[in-house]
Amino acid sequence: MKIYLKKPKNLNLYAQSGYRSYERQESIFAYYVERSGEEKASRVSANAGHSEHQTGLAMDVTTPEVNFQLVTSFEDTPEGQWIKENAAQFGFIIRYPKDKEKITGYQYEPWHLRFVGKEPAKVIHEQGLTLEEYLGFE
């Protein structure tokens, strides 16, 4: 299934990372473990077999304004604000919201989008929930 987000003109929104194979996720997680240790790596990356990217339902987005990096300052860009305000219309949520690390287990990632469908996304967005809270897994 292909999903296209319509965005206003003058925004430069780029999909940086979508589907990942088991091997690719294993490599990414190993990089973070080597760089910061397993405990810190577990807050910023999923171990292979546990990544939403492996489902094909997650996408990391970025913009030239943050040099195509996946950084929290993305939230302050026009693209980040547009995502925050409009992604739910298209069935997407910001999967790891600010101040919800204890619930999700991951740091805030304003760039990490997850497709959940229009109705769930609307409820999650309007009520300020995490996917875990919406599903009753908190």
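All you need for our numbering is the position in the sequence shown, starting with 1, plus 7.
Every residue gets a Cβ at the ideal spot worked out from N, C-alpha and C, and that includes glycine.
Just so it is clear, the structure is predicted and the values come from calculations on it, not from any experiment.
Residue i to residue j, Cα distance in whole Å?
i, j, result
"Ala37", "Gly135", "32 Å"
"Met8", "Lys47", "Because the pLDDT at Met8 is just 45, under 50, the model does not fix this residue reliably, and the point stays unresolved."
"Ile131", "Phe144", "14 Å"
Using a 10 Å radius around the Cβ and a threshold of 16 neighbouring Cβ atoms, would you call residue i buried or exposed?
i, result
"Phe75", "exposed"
"Tyr21", "exposed"
"Arg102", "buried"
Following the continuous alpha helix (DSSP H) through residue i, name the residue where it begins and the one where it ends.
i, result
"Leu138", "138 to 142"
"Ala37", "29 to 43"
Based on DSSP bridge pairs, tell me the residues matched to residue i.
i, result
"Leu20", "Beta-bridge pairing links Leu20 to no other residue."
"Phe99", "Phe122"
Which two residues bound the contiguous beta strand (DSSP E) that contains residue i?
i, result
"Pro117", "116 to 122"
"Thr69", "65 to 69"
| For the segment 113 to 130 against the segment 79 to 87, are there 3 or more C-beta pairs whose distance is under 8 Å? | With three or more CB-CB distances shorter than 8 Å, the segment 113 to 130 counts as touching the segment 79 to 87.
| query | Taking one C-beta from the segment 24 to 44 and one from the segment 53 to 70 each time, how about it: are there three or more such pairs within less than 8 Å? | reply | Yes, the segment 24 to 44 is in contact with the segment 53 to 70.
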